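>
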Amino acid sequence: MTTLLDLKSSVLRQVQRSQSLRSRREPPPTASSPLTHCPEPLPRRISEESVEFFERMNAILQKQENMMRAAQAECQRGACTVPPPQEYVDQAFISERISRTELDLLYEEAVYTVVNRVGVPTPEHVKSDDELFAYLLKVFDMGEEEHDIILQKVQESKRASFSLRVSVMKAKNLMAKDANGYSDPYCMLGILVGQSPRETEEKKERKFSFRKRREKLEKRSSTKEVLPARSIQVTEVKPETLNPVWDEHFVFEIDDVHNDLLHLDIWDHDDDVSVAEACKKLNEVSGLRGMGRYFKQIAKSVRSNGSASSCSEENADDFLGCINIPLNEMPVVGYDTWFKLEPRSSASKVQGECHLILKLFTNQRDTTLSKRDTNISIHRKLLSQIVEYEHTHVKREPYNWNGQVSPPSWTVLTHHAVQTDLSPLQQAIIRWQCYSNHHRNQRVCYSLLLRLLRTIDAEWDPPAVRGDLERQLSDSFRLYTEHCLCLMKNMRQVFPCTSAAAITRYELMLRGVGYMQNMRAFKTVCPLRNELHLDITTAVKKGTAEWYESLIAQYKPEEGTLEEQLKKLVQIVDAVCADVQRAQNIYNKLFYSAVKVDFLSISYRQLEKQVADDVNVAMERVCGTLEQESSRLTQAMGETIFELFMSLKILKGFREFLPLKDAKMLALTGFHNWFKSSIHKWLQIVHDRSCDRIRIAVETDKLMPVQKTKHSSSAVEVTACFSQVREIWLQLAWPDSAGAFIFVTRLTDNFCSEAVCYSEMITRKIERSQQGRDHKSFIVQLCIALNNTEHVRVFLGHLPRDLDWPGVERAMEESCGLEGKEQVYKALNGQLFNMDLDLQREVKRLIALLSDKMMPELRRYIQHISLSPDSINNDEAVAPLMKYIQDTMIILKENLVKENLTRVLQSMWELLLRMILDTVTENRGVQVEFYNRFQYTVETLLQFFHMQGEGLSLEDMKSGDYKVLDEELRLNKCSSFELIEQYYLEKISLQKTLKHTPFGRISVKCYYDAPEQRLTVEILHAADIIALDANGLSDPFVIVELCPHHLFPLAKSQRTQVKLKTLHPVFDEFFYFHVSPEQYRHRYACLTFTVMDYDWLSTNDFAGEAVAPLSDFCWPGRPNASAAGKSVQPVILHLSRSKPSEKPIMRILDARTGDKEAQEFVRRLKEIEKSMEEE
């Protein structure tokens, strides 16, 4: 409570000190005021200062917007062809160049690879040796003589010996050979040695098979060559399957890689003898050229184990298919595909496919490097040499090279990797090492490095990476990480936002680093670097601090006068804001998505602390200087302080994008306190200049519409002034709740008083200028006045949003509780509400003036309609009125804005309705044609004011006086019987809405005998009857009758016995009425139950009544209208006591003095009403 009282006192003191325009409107006689009731022309110097002041203010505001727009433009800048800045290169990262001797040895390795090429080249590979040698000469900078020497040495060396690695993976869709619908497949495979050209031609004419008849075999076995049993390999037997999976691997030494053939048979195993074991135990077999005896014979002879019975055909394995693969048809990189099984003859039936992986590689190389270094080391050196050469010859955007090499280089590298039997993982690691090392000297595209990392991750197999390879991979990861950290530290220079290419590279670099730290390979070979994000954070902090120090060295804010120092600080803060904006829009997204590091938080906290320290020291000097000058603040210094404040506010605003934990306790949290005294003086300067500007606007206004608008120049100038002052406040965004409340209250009061004063001044100006003008000219000026006021009123209606009143209320609630919030709400909304009332009052006064001008003519034309004879039609009677309204509406529509036009139309519509209603009321009881004519008049006016949807809405017009007038006209056109029927329909409708009334209720049971056309009414009891006697009780009885009487002319009313001294009488009496179907089918046919209090000495008192429509009891299909009607549940009806005279129907019937039925009906209802009045 004490805080709230202090706040109220502070507000009062502040308002008194600033003197709102409302208080200035009644100044002392000797005091001069910017706004007075008798305006005097302002000195030219003051008016010029006011204009220049707001121009400078607008320049300051535009400067801030332009700075933010420029930062946004950098984010949206498209791709450009300008190369990014050169990336930082640390000399420690540059690897030593290879010596000439090593190059010669490496060249020998490359030539040896070319000479010993095997396999069918793909279209991407180069086939010509000469082309490959020509390429290698360029790569190694080798002379022709040196090349010839090395080539001769390679040709004289021992040719490379090859081996074939065969991986039998699986088969599918094999033929079923067993009775159970499956097979027990196994594979036998081996190498058929090279054949002569003649044999090769014969082979093309017939399919080779290992299964031959013994007679044919013996005929062909003329030479008894010996084949070791290890040359025939057998897979395991997979029982009962047609889709076996073996995943078994075999290696065969190849004698003639150009002529040898891989042959594979698949058999269905039919006994329990292990074929694999049989092949292992067999020492040697004889056959054609080392493998003439077919595989089947081997298996059978082993199973027989010397037993003649075992050689029977009953246990013979069934043939499932074979595959023949000439080695000279294999691609360079081998096979990894499905092979279709082939039959051994035209009589064989086979089906299915077998998945094989085949690869040729050298098991012995006769080069100097292969005897000294590992294959991995050799391939890495070869790749490094080729990469350096290829990158040097990239002409377009070498910094964006994706690592693609020429066909000759790709051919050499592919053959060398295949010949040296490098696994995909080993090749991936070698490529990563080469390209990442090369990148530190000559940058490449980071997407290439990322792709290489993904390849390593996809092929990663920890057991395959051990020893030197593991250490080398770890070193490459470490060196690349340190290189990237160095680039991150200098990112503002290396990867500026002004270069789209640089930002793209930076994003790819971060994605690569982020991917690398999550790789299984990285975690395995670099187990001590699991906290890579901490290293990134350190690099960002260090780079940010160095960048700010370079900014200070550039601007030198400690030099010059105090005002010059502040201007330099403004430049520094603006540069920091731009940097933080880039961090938010660009860098932070890159860092967080790639490496999960909040770059914005790190850099912002670093910069915000350094800026706060420097500005705080400068503002302390400013406050000290202002105190020495008796608190006098020059306009120039004030503008600089305001600009510095806004720059700091923008910088502070970035905290909204920080995580909650990082946004607390920042150095700029209370920076507004450094400016408190200065801002108070600054706002006073703004207020004084605003007053001058409004006064000038009114003086110079010619009351002519501005361009395509319908208001004059003063309204434009006033709202423009308000907009700039509002923008000043929005830019300040004062965070302190008490201070914000004071400022907002002060600004709101200024806005409201200035708006009201402006409205009064412009109105008085119109009143003075309207003398001597014609009627149309006066209406036009009146319209402009209305539009001016509306323009200002609409603008100020947005003050709660523009000045963020809800934010001030929330802040006050947090600091002072609900009472503080209510204080803000009442103070601010009270000001705005009073201002709106004042402006609305001015608007209504002007509209009333217009109505007064029009009323005599309107009254004359309505009287014309009333007195028009029946011989003329409605259009002719209404035409004069509509002509006058249309002519007036043309002027109004051309000069009024829509809101004011709506107000004027609404006022005219209401005026016409009242005038017509008065005329109709004065002429009750006349002929129906009179009411029809005015009904037509109202409908014509309704369509006119609606203007086909462009005018007043039908919903708004058909309310209030329209409903009263429409009901009056409708009822006056009805006959007396129709009015009586309408009366009972309203009673029935009201009865359905009654729930619990203070007049009690009555319980009845009604049922209808259709054959007899008899309605039985049983009045059971009543409850909670109102007390009408002096003893606090009543003597109730019930009158039941059929209504209306003209529908039931023969039916008489009936009554129950009187129950003395009770409010809860029990009657249990029966009454019978004759009701025909023609009677009960009417909606208004009903039973009325009138409860009366019996008096001995005076008339009975009315206690209440209830009605029940006959359709509820008599209609066919109702339970009450059936034979079981007597057993239906009673109906409870709530009693009512409404005054009949309050209904329009009663007034109309009462006016029909010559209608007997109407007068009789009115008489009975008046008796009831009189009874109620006597009570």
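In this note's numbering, the protein residues as written are 4 to 1178.
No residue lacks a Cβ here, since even glycine has one placed at the ideal position from N, Cα and C.
Only a predicted model underlies this, so the values are computations on that prediction, with no experimental measurement involved.
1. Determine the burial state of Leu-1090: buried for a count of at least 16 other Cβ atoms within 10 Å of its Cβ, exposed for fewer.
2. Could you compute how far the alpha carbon of Pro-247 sits from the alpha carbon of Glu-332?
3. Any idea if Phe-1075 is buried or exposed, counting beta-carbon neighbours within 10 angstroms, 16 or more meaning buried?
4. Inspect the beta-carbon positions of Ile-1029 and Ala-1154 and report whether they are closer than 8 angstroms.
5. Are the beta-carbon atoms belonging to Phe-1164 and Ile-983 less than 8 angstroms from one another?
6. Answer yes or no: do Ser-1 and Phe-255 have a C-beta to C-beta separation smaller than 8 angstroms?
7. Using three-state DSSP, classify Gln-1016 as helix, strand or coil.
8. List in chain order: all unbroken alpha helix (DSSP H) runs of 4+ residues lying wholly within the stretch 485-514.
9. Among Gln-710, Leu-490, Leu-654 and Ser-160, which residue has its Cα nearest to the Cα of Glu-112?
10. On the criterion of 16 or more Cβ atoms from any shown chain inside 10 Å, does Phe-1073 qualify as buried, or is it exposed?
11. Please classify Phe-1002: does DSSP put it in a helix, a strand, or coil?
12. Apply the 10 Å Cβ neighbour rule to Gln-613 and answer buried if 16 or more other Cβ atoms are within range, or exposed otherwise.
13. How long is the line joining the alpha carbons of Glu-462 and Lys-241, rounded to whole angstroms?
14. Under three-state DSSP, which class holds Cys-1089?
15. Is the beta carbon of Val-719 closer than 8 angstroms to that of Val-728?
16. Only counting runs of 4 or more residues, tell me where the alpha helix (DSSP H) segments fall wholly within the stretch 557-639, in order along the chain.
17. For a quick check, are the C-beta atoms of Gly-184 and Ile-235 less than 8 angstroms apart?
18. Between the stretch 524-531 and the stretch 471-478, do three or more beta carbon pairs fall short of 8 angstroms?
19. By Cβ distance below 7 angstroms, which residues in the same chain neighbour Met-491 in space, the five residues on each side in sequence not counted?
20. Within 10 Å of its beta-carbon, does His-1049 have 16 or more other beta-carbons around it, so buried, or fewer, so exposed?
21. Using DSSP with H/G/I as helix, E/B as strand and the rest coil, what is Ala-1109?
22. Here's the rule: buried if 16 or more other CB atoms are within 10 angstroms of the residue's CB, otherwise exposed. What is Ile-605?
23. Taking Tyr-1087 and Pro-1047 to be in contact with their CB atoms under 8 angstroms, please state how far apart those CB atoms are, rounded to whole angstroms.
24. Could you tell me which residues DSSP pairs with Glu-1231 in its beta bridges?
25. Between the beta-carbon of Ala-597 and the beta-carbon of Gly-517, is there less than 8 angstroms?
26. Would you mind sorting Lys-705 into buried or exposed? The rule is 16 or more other CB atoms within 10 Å of its CB.
27. In whole angstroms, what separates the C-alpha of Lys-210 from that of Lys-173?
28. Could you give the first and the last residue of the continuous beta strand (DSSP E) run that contains Gly-1069?
29. Tell me, please, which residues DSSP counts as bridged to Asp-107.
30. Residues in the same chain with beta-carbon distance under 8 angstroms from Met-960, minus the five sequence neighbours each way, listed in chain order, please.
31. Helix, strand or coil, according to DSSP, for Glu-243 in the structure here?
32. Do the stretch 561-574 and the stretch 492-512 touch if we need at least three Cβ pairs shorter than 8 angstroms?
33. Under DSSP, the alpha helix (DSSP H) around Pro-188 begins and ends at which residues?
34. Out of Ile-1171, Val-600, Glu-902 and Ala-621, which has the shortest C-alpha to C-alpha gap to Leu-661?
35. Taking a contact to mean a Cβ-Cβ separation below 8 angstroms, would you say Arg-936 touches Ala-880 in this structure?
36. Where does Val-1134 sit, in a helix, a strand or coil, going by DSSP?
Put simply:
1. buried
2. 27 angstroms
3. In the sequence under discussion, the amino acid at residue 1075 is Tyr, which differs from the Phe named in the question. That one is exposed.
4. no
5. yes
6. Shown here, the chain extends from 4 to 1178; a query on residue 1 therefore has no answer.
7. coil
8. 494-497
9. Ser-160
10. exposed
11. coil
12. buried
13. 29 angstroms
14. strand
15. no
16. 565-585, 591-598 and 602-631
17. no
18. yes
19. Ile-539, Ala-542, Val-543 and Gly-546
20. exposed
21. strand
22. buried
23. 7 angstroms
24. Here the chain has residues from 4 to 1178 only, and residue 1231 is not among them.
25. yes
26. exposed
27. Confidence is the limiting factor: at Lys-210 the pLDDT is only 49, short of 50, which leaves the residue's position unreliable, though a coordinate-based value still follows. Near 23 angstroms, if we compare the C-alpha coordinates of Lys-173 and Lys-210.
28. Note that residue 1069 is Val in the sequence shown, not Gly. Its beta strand (DSSP E) spans residues 1069-1077.
29. In DSSP, Asp-107 forms no bridge with anything.
30. Trp-912, Leu-945, Phe-948 and His-949
31. coil
32. no
33. Unbroken run through Pro-188 is the beta strand (DSSP E), 188-195; no alpha helix (DSSP H).
34. Val-600
35. yes
36. strand
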